[in-house]
Amino acid sequence: MNCRFILPLLFVSFLTACAKPNEKVLFDGSSLDKWVKEGDVKIDNQILILTGEASQIVLKQGDYASFELSAQIRTTEYGKGFIGFHTDTKGNGGYRVAIDNDISNNEWWTKTGSLLSVRNLTKSLIGENEWFALKIRVEGKKISVKVNDEPVVEYIEPASPYRLPANAGQKLSKGLFTIKSTGSGAVEIKEITVSLLNNKNIDIAAQEAEATDETTDDIIKLHQANFPVLDYHVHLKENLSLELAKQQSRKFGINYALAPNCGIGFPITNDSGVIAYLDKMKEQPFVQAMQGEGREWPETFSKDVRDKFDYVFTDAMTFTDAKGRRTRLWMPDEVWVENEEEYMDLIVRKICDVMNEPMDVYVNPTFLPDAMNDRYDAFWTDTRQQKVIDAMVKAGKALEINARYEIPHKSFIQKAKAAGLKFTFGTNNSNADTGKLEYCIRMKNECNITAEDMFKPIRR
61 MNCRFILPLL
71 FVSFLTACAK
81 PNEKVLFDGS
91 SLDKWVKEGD
101 VKIDNQILIL
111 TGEASQIVLK
121 QGDYASFELS
131 AQIRTTEYGK
141 GFIGFHTDTK
151 GNGGYRVAID
161 NDISNNEWWT
171 KTGSLLSVRN
181 LTKSLIGENE
191 WFALKIRVEG
201 KKISVKVNDE
211 PVVEYIEPAS
221 PYRLPANAGQ
231 KLSKGLFTIK
241 STGSGAVEIK
251 EITVSLLNNK
261 NIDIAAQEAE
271 ATDETTDDII
281 KLHQANFPVL
291 DYHVHLKENL
301 SLELAKQQSR
311 KFGINYALAP
321 NCGIGFPITN
331 DSGVIAYLDK
341 MKEQPFVQAM
351 QGEGREWPET
361 FSKDVRDKFD
371 YVFTDAMTFT
381 DAKGRRTRLW
391 MPDEVWVENE
401 EEYMDLIVRK
411 ICDVMNEPMD
421 VYVNPTFLPD
431 AMNDRYDAFW
441 TDTRQQKVID
451 AMVKAGKALE
461 INARYEIPHK
471 SFIQKAKAAG
481 LKFTFGTNNS
491 NADTGKLEYC
501 IRMKNECNIT
511 AEDMFKPIRR
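Residue numbering for the sequence shown is 61 to 520, as defined by our numbering.
Rendered as structure tokens:
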């Protein structure tokens with residue numbers, strides 16, 4: 061055979077071998093013939109650009125149920141939007157996956173990859189002006205989202221999903237795709253492809269049996285109410301590995317802030333240890349926090365290194381008592397109480413002193429030693445509560461509502477809210493069981509804590 065014919069045939073064979081079965085190109089950089097466009101939408105240098113609020117494209121034809129959609133995307137400054145699937149011809153209904161790497165906006169808990177109002181994410185794995193791969197897969201009742209091949213959402217729609225009236229259309233069915241810009245900047249796209257998946261072998265009943273029962277789940281209620289769902293106080297443990305933490309976070313729909321214990325006698329004891337830890341965490345889907353341990357931590361770690369975290373927290377459970385003895389309140393053999401009222405006043409003074417340390421959040425708040433904790437409300441008088449709250453207001457610190465110890469009690473939280481303090485929800489897990497923030501959510505509801513009352517981590 062003539063070489064002139066062999067080479068083209070080989071090239072065609074190569075393309076055929078590389079092509080994915082059932083894959084369709086929805087945008088290849090040359091044309092928007094398959095889409096209906098509205099607003100400021102254009103193609104420039106083979107890049108699809110949607111600029112400003114309300115600019116969108118909606119696929120003209122299709123009846124997509126199970127599929128895998130892939131896109132190469134970049135956001136400019138203040139650019140954000142979403143990809144909708146199972147939408148109608150106007151772009152309504154179905155689910156939406158967020159495209160949002162803007163760290164300046166108020167809704168810091170709906171970052172790129174979020175399955176909006178169902179599994180909101182508090183961290184973007186990429187920044188503005190960075191190209192990234194977004195992959196959305198729907199298989200029966202399972203929805204998964206990957207950012208640069210990192211799984212960030214795994215959700216199974218139950219037989220009876222919990223939806224607020226405004227989100228009634230958030231249910232799996234079939235339909236079209238929509239891409240919309242909702243920010244003042246631009247959403248840019250290089251390519252969009254979709255592969256059809258076969259529903260015939262999917263056991264829907266088995267999927268629904270695996271799903272969370274949303275009729276009793278408080279976490280979905282927070283997502284539906286557009287409330288930030290973040291456990292600000294999670295520690296990796298011997299039985300809670302990095303991989304298990306990721307799986308658990310996706311399963312429960314709770315974002316985690318991972319915090320290494322930093323201080324003398326703890327896993328990280330110097331600046332180089334912090335840098336090594338953060339280098340390992342660079343591509344991980346977690347907010348990064350630092351827990352300062354003991355009272356020496358501000359001198360043990362430099363400001364430059366402390367500022368590499370999204371925020372820093374500490375507690376007042378370690379201090380030197382009136383006789384110069386190192387005290388750790390959670391260890392009974394390191395607590396010496398001679399006069400309970402005087403000791404309580406000492407605890408309050410130590411808490412107020414801690415507010416002068418360079419941290420953002422006061423955690424494990426109002427903790428009392430075992431010998432006194434059975435009379436918590438008697439010791440934590442209004443006067444003592446107010447003294448701590450005044451110190452926190454003056455220093456500009458946020459207050460943790462702690463799920464593990466169920467502290468502080470309601471009266472303290474109400475006073476803190478009235479004083480304008482910001483809040484965090486934290487577990488401070490002792491093992492792999494991080495729970496589902498039950499006490500925090502109960503206090504949120506009873507004290508009317510809103511999304512605006514929550515502390516915003518600073519993305520570093």
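Ideal placement from N, C-alpha and C gives every residue a C-beta, glycine not left out.
Everything numeric in this text was worked out from a predicted model, so none of it was measured.
Anticipated Cβ contact below 8 angstroms, residue i with residue j, distance rounded
i, j, result
"M419", "T484", "The Cβ separation is near 12 angstroms, so there is no contact."
"V421", "Y465", "The pair is not a contact, with the Cβ atoms about 15 angstroms apart (cut-off 8 angstroms)."
"F192", "N208", "5 angstroms"
"V294", "T426", "About 21 angstroms separates the two Cβ atoms, so there is no contact after all."
"K201", "A271", "7 angstroms"
"L497", "A463", "5 angstroms"
"L108", "F87", "6 angstroms"
"F312", "A511", "Contact doesn't hold; Cβ gap of about 19 angstroms is too wide."
"L194", "A246", "With a Cβ gap of about 16 angstroms, L194 and A246 do not count as contacting."
"L185", "E303", "Rounded, the Cβ-Cβ distance is 16 angstroms, inconsistent with contact."
"L257", "G122", "Incorrect: roughly 14 angstroms between the Cβ atoms, too far for contact."
"Y155", "Q267", "Wrong, their Cβ atoms sit about 16 angstroms apart, outside the cutoff."
Cα-Cα separation between residue i and residue j, rounded to whole angstroms
i, j, result
"A382", "I449", "23 angstroms"
"V178", "D413", "41 angstroms"
"K183", "P345", "6 angstroms"
"F361", "I163", "26 angstroms"
"D277", "A265", "20 angstroms"
"F379", "V347", "28 angstroms"
"V96", "E217", "29 angstroms"
"S490", "D263", "37 angstroms"
"C507", "F439", "22 angstroms"
"R385", "L176", "51 angstroms"
"E320", "D104", "The residue you asked about is not Glu; residue 320 is Pro in the sequence shown. Rounded to the nearest angstrom, the two C-alpha atoms are 46 angstroms apart."
"T460", "N227", "Checking the sequence, you will find Glu at residue 460 rather than Thr. Cα to Cα, E460 sits roughly 30 angstroms from N227."
"D291", "S301", "16 angstroms"
"N330", "R355", "15 angstroms"
"S90", "D339", "40 angstroms"
"K482", "I467", "15 angstroms"
"T441", "D405", "11 angstroms"
"Q284", "Q307", "22 angstroms"
"V289", "I501", "10 angstroms"
"N399", "E167", "48 angstroms"
"D393", "P358", "26 angstroms"
"N505", "L282", "11 angstroms"
"E522", "C322", "Beyond the ends of the chain as shown, which are 61 and 520, falls residue 522; an answer cannot be given."
"N315", "S174", "11 angstroms"
"G495", "N433", "22 angstroms"
"D513", "K297", "30 angstroms"
Same chain only: Cβ atoms within 8 angstroms of residue i, ignoring 5 sequence neighbours per side
i, result
"N189", "R134, T135, T136, E137"
"L92", "V101, I103, L108, I117"
Chain-order list of residues whose beta-carbon lies under 6 angstroms from that of residue i (same chain, five-residue window excluded)
i, result
"A79", "Caution applies to A79, whose pLDDT of 48 falls short of 50 and renders its modelled position unreliable; the model cannot decide the point."
"I143", "V157, I239"
"E214", "S204, R310"
"N299", "N491, A492"
"D430", "P392"
"I196", "L129, V157, V205"
"I252", "L86, F87, A131"
7 angstroms CB neighbourhood of residue i in its chain, flanking five on each side removed
i, result
"D437", "H469"
"A376", "K410, I411, V414"
"P68", "Any reading at P68 must be qualified, since the residue scores a pLDDT of 42, below 50, and its modelled position is unreliable; no value is offered."
"T149", "V118, L236"
Which listed residue (the options) has its alpha carbon closest to that of residue i
i, options, result
"S332", "D93, V365, G384, E298", "V365"
"K447", "I335, G495, I407", "I407"
"D160", "G154, G153, T170", "T170"
"N82", "S90, Y124, L119", "Y124"
"Y499", "I473, A479, I518, R520", "I473"
"N165", "G139, G352, G154", "G139"
"Y222", "G122, H283, G141, T275", "T275"
"T387", "E353, K363, K195, M415", "E353"
"P225", "G153, I252, I501, S115", "G153"
"R519", "L129, G173, S174, G187", "G187"
"S115", "E98, I252, F369", "E98"
"L428", "E401, E417, L389", "L389"
Contact check, residue i vs residue j, beta carbons under 8 angstroms
i, j, result
"A451", "F515", "no"
"A317", "P517", "yes"
"G151", "V118", "yes"
"S241", "T443", "no"
"K84", "K120", "no"
"H146", "K234", "yes"
"L232", "V254", "no"
"V453", "A479", "yes"
"M341", "F369", "no"
"I328", "Y337", "yes"
"S244", "E113", "yes"
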